[in-house]
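Participant: Numbering (the working numbering), first residue to last: -17 to 185.
C-beta: ideal position from N, C-alpha, C; glycine also.
Quick one: the structure is below, questions incoming.
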């Protein structure tokens, strides 16, 4: 690649392709001109399309939530207010439903968990997996057990449901972040291959 081409392009940290500078996106949450993580518009749009209701994505660098407005990523920076589900005063991640991030995830993904005391399995409409240090350990946070315990106990997501947790919502401590980015990269490759095939058909 020539020096002129290098000066007018950059390597996207997700798709790992050289992209024109005009398609570079600076994330409002953590992006700067000197950021080591540089992202292209197509990857950001793909992340949003795979996100909550195809409208809320997560930053690949700092994992903040963002939405797209007028073709640009925008983070939710509203003044904390009451979440319509948990009734706690928190930053609202989903403005359409007035939900905090935890209640938003709980609304989208209700998984089954094992109680650490009676080992009964119970569906919990809250992202308890976020409080597990590893996939196999129980949470530090508690939730009411409606089986034998009748008390607040600790939980861990059952293996079958663990597989259903979206990659972009798996805790960083579980070491799956690169798998998420690889999945986005693979999807971008398929999109590019489909676009090339379409161009061939037009020719």
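With a cut-off of 8 angstroms, do at least 3 Cβ pairs link the region 92 to 100 to the region 109 to 127?
Facilitator: Yes, the region 92 to 100 is in contact with the region 109 to 127.
Participant: Helix, strand or coil: which one does DSSP assign to residue 28?
Facilitator: Three-state result, residue 28: helix.
Participant: Could you pull the start and end residues of the beta strand (DSSP E) that residue 87 belongs to?
Facilitator: Careful: residue 87 lies outside any beta strand (DSSP E), inside the alpha helix (DSSP H) at 83 to 90.
Participant: Tell me, please, which residues DSSP counts as bridged to residue 49.
Facilitator: Bridge partners of residue 49: 38 and 56.
Participant: So for residue 163, helix, strand or coil by DSSP?
Facilitator: Residue state, collapsed to three classes: helix.
Participant: How big is the Cα-Cα spacing for residue 169 and residue 84?
Facilitator: If you take the alpha carbons of residue 169 and residue 84, they lie about 27 angstroms apart.
Participant: Need the endpoints of the beta strand (DSSP E) that residue 5 sits in, please.
Facilitator: Per DSSP, residue 5 belongs to no beta strand (DSSP E) and is neither H nor E.
Participant: Which residues mark the beginning and the end of the alpha helix (DSSP H) in which residue 104 is found?
Facilitator: Residue 104 -> not in any alpha helix (DSSP H); beta strand (DSSP E) instead, spanning 103 to 106.
Participant: Got a sec, what are the start and stop residues for the alpha helix (DSSP H) residue 142 sits in?
Facilitator: 141 to 144 is the span of the alpha helix (DSSP H), which, as asked, contains residue 142.
Participant: I need the straight-line Cα distance from residue 81 to residue 71, nearest angstrom please.
Facilitator: Near 10 angstroms, if we compare the C-alpha coordinates of residue 71 and residue 81.
Participant: In terms of residue numbering, what span does the beta strand (DSSP E) encompassing residue 93 cover?
Facilitator: Where residue 93 is concerned, the enclosing beta strand (DSSP E) stretches over 93 to 97.
Participant: Helix, strand or coil for residue 172 per DSSP?
Facilitator: Note: residue 172 maps to helix in three-state DSSP.
Participant: From this set, 15, 7 and 26, which residue's C-alpha is nearest residue 37's C-alpha?
Facilitator: Measuring from the Cα of residue 37, the nearest candidate turns out to be 26.
Participant: So residue 73 and residue 62 are in contact, right, with Cβ under 8 angstroms, and what is the actual spacing, rounded?
Facilitator: Going by Cβ atoms, the distance from residue 73 to residue 62 rounds to 5 angstroms, so yes, they are a contact pair.
Participant: Could you give the residue range of the beta strand (DSSP E) that holds residue -8?
Facilitator: First-last of the beta strand (DSSP E) with residue -8: -9 to -7.
Participant: Specify, as a first and last residue, the run of the beta strand (DSSP E) that residue 75 falls within.
Facilitator: First-last of the beta strand (DSSP E) with residue 75: 74 to 76.
Participant: Look at the alpha carbon of residue 153 and the alpha carbon of residue 44, and state the distance between them as a whole number of angstroms.
Facilitator: If you take the alpha carbons of residue 153 and residue 44, they lie about 12 angstroms apart.
Participant: Using the Cβ count rule (16 or more neighbours within 10 Å means buried), how would you classify residue 53?
Facilitator: Answer is exposed; the Cβ neighbour count stays below 16.
Participant: Assuming residue 156 and residue 106 are in contact, meaning their beta carbons sit under 8 angstroms apart, how far apart are those beta carbons, in whole angstroms?
Facilitator: Not quite, the Cβ-Cβ distance comes to about 18 angstroms (not below 8 angstroms), so this is no contact.
Participant: Can the beta-carbon of residue 28 be found less than 8 angstroms from the beta-carbon of residue 46?
Facilitator: Going by C-beta atoms, residue 28 is not nearer than 8 angstroms to residue 46.
Participant: Give me the Cα-Cα distance between residue 66 and residue 75, rounded to the nearest whole angstrom.
Facilitator: The alpha-carbon atoms of residue 66 and residue 75 are separated by roughly 12 angstroms.
Participant: Can you tell me the Cα-Cα spacing of residue 124 and residue 176, whole angstroms?
Facilitator: Each residue's alpha carbon lies about 47 angstroms from the other.
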